[in-house]
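Student: Residue numbers (this note's numbering), protein chains in the order written: chain H, 1445 to 1835; chain V, 86 to 320. A virtual CB, placed ideally from N, CA and C, is assigned to each residue, including glycine.
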Amino acid sequence: MKLAFKLAYRNLIGAGLRTWLNVIVLSFSFVVIIWLKGVMTGWDHQAKTDMTNWEIGGGQYWHEAYDPYDPFTLTESHAPLPAEFLPEVAAGEMEPVLITQGSIFPEGRMMQVIVRGINPEQTIFQLPTSVLDSATDAIPAIIGSMMAKTSRLKTGDYVTLRWRDANGTFDATDILICGIFNASVPAIDAGQVYIALDKLQEMMLLPGEATIVTFRSSNVPRQETAGWVLKTREELTRQVDEMIKTKSAGQSILYGILLLLAMLAIFDTQVLSIFRRQKEIGTYIALGYTRQQVVGLFTVEGSMHAVLAAFVAAAYGLPFLAWQAKAGWTMPVDTSEFGMAIAQTLYPVYSLGLVISTVAIVTVTTTIVSYLPSRKIARMNPTDALRGKLQ
Amino acid sequence: MENKSIISISRLIKRFPMGKDEFTALRDISLTFTEGEFAGLIGPSGSGKTTLLNIIGSLDVPTEGEALVLGRSIGKLTTREAARLRKENIGFIFQSYNLLAVHTVYENVEFPLLLLNIPSAGRHKMVMDALEWVGLTDKVRSKPPQLSGGQCQRVAIARAMVKKPSLVLADEPTANLDADNSHHILQTMETLNRELKTTFIFATHDDKVISYLHRKIFLLDGRVDKDEIIRSNKR
Ligand SMILES: Nc1ncnc2c1ncn2[C@@H]1O[C@H](COP(=O)(O)OP(=O)(O)OP(=O)(O)O)[C@@H](O)[C@H]1O
Ligand SMILES: [Mg+2]
């Protein structure tokens, strides 16, 4: 076996350009697959971290009637905080948010919005809520950059907000945009307007009530409470995993094509070399190899492309991948229009398992592809092979 | 002292399938070779020289009859046993040299020793000795494409001889060489035959080769036509 590796190595290096072309194509597959998967993992991490920091904290309690996909539930989905929440709320470890529907009228257009009342002193979310406390002539509000774009509102703009209070009575007032934040979590940006919690409670005639309550730490065990549904961080981020899975499935096609190209090149090389090297095959047999051993030699030779490719990939791939992990990959298009949790710059995250499994998959595939045409040798007649008789 | 027989062929018949029919390439061959012979199978094209040599070399099997080579019956060997017989006891020399083009002269000659798992210390000396026999110690690092035909054939001889096999089979070894080179390699083989007691069997119709032979076996249409012993190689 050691001899087969030695011979295979000499034969490959001896074959020169053809070997290197195959090796470069293969090494490309290594780097691209690892990089793409790294980007996906990085995206998954980033999306979950962003969700944690901007939207869900360590998990949430939802009012039992609350359904984020159905704004009409909002009229029903609010209740006073359960007594057992109060100490944590006071300590800032839990933050109640009251949510309602409303309309704003930027530049005279009407726009449906979700109004969120949030404690200006909260520290669970990265939202710049402290400005909601400012003393101004209108109600201070903040919006996200996506919302700013669609509504064409800027910091310092006044806009009319209309809402219905708990009794169903319409009312309207002006709000002042005091801040625009940048988050890559569409759910808390698009169509959302934030004002101070006590202000909204007052406007809604719902003092002390909330729709969702977010807690900071996911490590504290939580119990269900009557009227409220516990949503753990895992449940809330599951959709991210699903989204990544869907995206990854699309990418698998890309890996498939890349691998297919590389494998076609290797297969072709194998078929050609078995055809062209009949005399050499005959010589190996005359020198004392069995045909099976020659099959082994040619298989090793083919699969060694993958080994060489791994080294070549390491030579240019490691610096590239490391640089990417540090500098990140900035998407050439504006990601805020994707409608999903994706940052403009993604930082790929690679795991040892990812590298090992990629190398293993590529090597095994290459070996199989090298073996298939080599089986032909086992059926060759050594005397015909020696004569180089075409078959 | 009588030399012992290393090859004994009796009533050997070889047929090849040819479409629906069969073609008989060797008809009823019976021959015995003793250790240290320098013999040649001589005959016109198609007379069966290569076929017989291939059977002796365990690359092919008899259709009928028996070929005993170094005590082993060629027709009854498994492919593994046949490979082992070739690996340990038989050296081949081909008309077109059949060197491994991407390997150096040294590596080509080393190859049979690698197959035999000879430790590297002994291997180096054996390779250098073999290259010395054929006068190519200065070409160790060259690759076959950089050598002349005569030099290539000398590498092939070194490769066949390096493991000091009992038997060397040479199929038209001079067919691609000019007269000077032919004489050179024939002298080399004659010397090795004398000094190492290696049995040489040629397949040839080249007069230069024939003039060196100690035994001439004339084949015609797959039969032994004449078997002449020119010089006894007993000393
Ligand atoms: N594999 C085969 N299938 C069919 N016929 C074959 C095969 N090998 C050899 N023959 C036939 O057997 C006969 C003897 O062939 P062989 O190669 O032994 O001749 P040779 O004496 O070596 O001739 P040459 O001097 O041309 O090399 C030829 O007629 C050849 O066509
Ligand atoms: Mg012939």
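Would you kindly work out how many angstroms separate the C-alpha atoms of residue 1559 of chain H and residue 1589 of chain H, rounded to a whole number?
Tutor: Near 16 Å, if we compare the C-alpha coordinates of residue 1589 of chain H and residue 1559 of chain H.
Student: If you draw a straight line from the C-alpha of residue 90 of chain V to the C-alpha of residue 1452 of chain H, how long is it?
Tutor: If you take the alpha carbons of residue 90 of chain V and residue 1452 of chain H, they lie about 39 Å apart.
Student: Just reading off the alpha helix (DSSP H) that residue 218 of chain V is part of, what are its end residues?
Tutor: Looking at the DSSP string, the run of the alpha helix (DSSP H) that includes residue 218 of chain V is 205–218.
Student: By the criterion of Cβ-Cβ separation under 9 Å, what are the contact partners of residue 1724 of chain H in chain V?
Tutor: Going along chain V in sequence order, the residues near residue 1724 of chain H (Cβ under 9 Å) are 183, 185 and 186.
Student: Residue 1648 of chain H lies in the alpha helix (DSSP H); which residues open and close that run?
Tutor: Counting along the chain, the alpha helix (DSSP H) containing residue 1648 of chain H begins and ends at 1641–1648.
Student: Anything in the stretch 1729–1755 of chain H with a Cβ closer than 9 Å to a Cβ of chain V? List those residues in chain order, please.
Tutor: Listed by position, the residues of the stretch 1729–1755 of chain H near chain V (Cβ gap below 9 Å) are 1729, 1730, 1731, 1732, 1733, 1734, 1735, 1736 and 1737.
Student: Give a yes or no on contact between the stretch 1479–1498 of chain H and the stretch 1703–1710 of chain H, applying the rule of three or more CB pairs nearer than 8 Å.
Tutor: The stretch 1479–1498 of chain H, when compared against the stretch 1703–1710 of chain H, does not touch it at the 8 Å Cβ threshold.
Student: Is it right to say residue 1460 of chain H is buried, meaning 16 or more other beta carbons lie within 10 angstroms of its own, or is it exposed?
Tutor: Residue 1460 of chain H should be labelled exposed.
Student: Kindly indicate which three-state DSSP category residue 1576 of chain H falls into: helix, strand or coil?
Tutor: Here residue 1576 of chain H sits in helix by DSSP.
Student: Compute the distance between the beta-carbons of residue 1522 of chain H and residue 1617 of chain H, then report whether it is under 8 Å.
Tutor: No. Outside cutoff.
Student: So that I know if they touch, is there some Cβ in chain H lying closer than 8 Å to that of residue 157 of chain V?
Tutor: No, residue 157 of chain V does not count as interfacial toward chain H.
Student: So with CB distances below 9 Å, who are the chain H contacts of residue 142 of chain V?
Tutor: Correct list: 1730.
Student: Check each candidate in H:1568, H:1563, H:1512 and H:1820 and name the one with the smallest Cα separation from residue 1584 of chain H.
Tutor: Closest by alpha carbon: H:1563.
Student: Cβ of residue 1811 of chain H within 8 Å of Cβ of residue 1743 of chain H?
Tutor: The answer is yes: Cβ separation under 8 Å.
Student: Under a three-way DSSP split, which group does residue 221 of chain V fall into?
Tutor: Note: residue 221 of chain V maps to coil in three-state DSSP.
Student: Closest Cβ-Cβ distance between residue 1448 of chain H and chain V: below 8 Å?
Tutor: Output row for residue 1448 of chain H: interface = no.
Student: Please work out which residues of its chain come closer than 8 Å, Cβ to Cβ, to residue 276 of chain V, disregarding the five sequence neighbours upstream and downstream, and give them in chain order.
Tutor: Here the set comprises 218.
Student: Reducing DSSP to helix, strand and coil, say where residue 1524 of chain H ends up.
Tutor: Strand, per DSSP.
Student: How would you call residue 185 of chain V, buried or exposed, if buried means at least 16 neighbouring beta carbons within 10 angstroms?
Tutor: Burial call: buried.
Student: Buried or exposed: which applies to residue 1591 of chain H, given that a residue is buried once 16 or more other Cβ atoms fall within 10 Å of its Cβ?
Tutor: By the neighbour-count rule (16 or more Cβ atoms within 10 Å), residue 1591 of chain H is buried.
Student: Output, in chain order, the set of chain V residues within a Cβ distance shorter than 7 Å of residue 1720 of chain H.
Tutor: Ordered by position in chain V, no residue passes the 7 Å Cβ test against residue 1720 of chain H, which lies about 11 Å from the chain.
Student: So what's residue 1742 of chain H in DSSP terms, helix, strand or just coil?
Tutor: In the structure shown, residue 1742 of chain H sits in a helix (DSSP, three-state: H, G or I).
Student: Please report the Cβ distance between residue 1599 of chain H and residue 1624 of chain H, rounded to the nearest whole angstrom; I am assuming they are in contact, meaning their Cβ atoms lie under 8 Å.
Tutor: About 6 Å separates the two Cβ atoms, so the contact holds.
Student: Could you give the distance in angstroms between the alpha-carbon of residue 96 of chain V and the alpha-carbon of residue 230 of chain V?
Tutor: Rounded to whole angstroms, residue 96 of chain V to residue 230 of chain V spans 43 Å at the Cα level.
Student: So with CB distances below 9 Å, who are the chain V contacts of residue 1459 of chain H?
Tutor: What residue 1459 of chain H touches in chain V: 187.
Student: Report all residues from its chain with a CB closer than 7 Å to the CB of residue 318 of chain V; omit the five preceding and five following residues, and keep chain order.
Tutor: Interpretation of residue 318 of chain V is limited by its pLDDT of 47, a score under 50 that renders its predicted location unreliable; the figure taken from the coordinates is listed afterwards. Result list for residue 318 of chain V: 121, 122, 123 and 299, in chain order.
Student: CA-CA distance, residue 1807 of chain H and residue 1595 of chain H?
Tutor: Cα to Cα, residue 1807 of chain H sits roughly 53 Å from residue 1595 of chain H.
Student: At what residue ranges does the stretch 1445–1514 of chain H contain a whole run of the alpha helix (DSSP H), taking only runs of 4 or more?
Tutor: Entirely contained in the stretch 1445–1514 of chain H, the alpha helix (DSSP H) runs reaching 4 residues are, in chain order, 1446–1459 and 1461–1495.
Student: Consult DSSP for residue 1881 of chain H and reduce its assignment to one of helix, strand or coil.
Tutor: Not covered by the structure: residue 1881 of chain H. The range shown for chain H is 1445 to 1835.
Student: For residue 1667 of chain H, count neighbouring Cβ atoms within 10 angstroms of its own Cβ and tell me buried if that reaches 16, exposed if not.
Tutor: Exposed: under 16 other Cβ atoms inside 10 Å.
Student: For a quick check, are the C-beta atoms of residue 1637 of chain H and residue 1568 of chain H less than 8 Å apart?
Tutor: Not a contact, by the Cβ cut-off of 8 Å.
Student: DSSP on residue 1814 of chain H, reduced to helix/strand/coil?
Tutor: Here residue 1814 of chain H sits in helix by DSSP.
Student: Just checking: is the beta-carbon of residue 1466 of chain H within a distance shorter than 8 Å of some beta-carbon in chain V?
Tutor: Not an interface residue.
Student: Using a beta-carbon distance below 8 Å, is residue 1826 of chain H in contact with chain V?
Tutor: Taking Cβ atoms only, chain V reaches closer than 8 Å to residue 1826 of chain H, which makes this a yes.
Student: Just the chain H side, please: which residues come within less than 7 Å of residue 199 of chain V by C-beta, in chain order?
Tutor: What residue 199 of chain V touches in chain H: 1447.
Student: Three-state secondary structure (DSSP) at residue 1770 of chain H?
Tutor: Correct three-state label for residue 1770 of chain H: helix.
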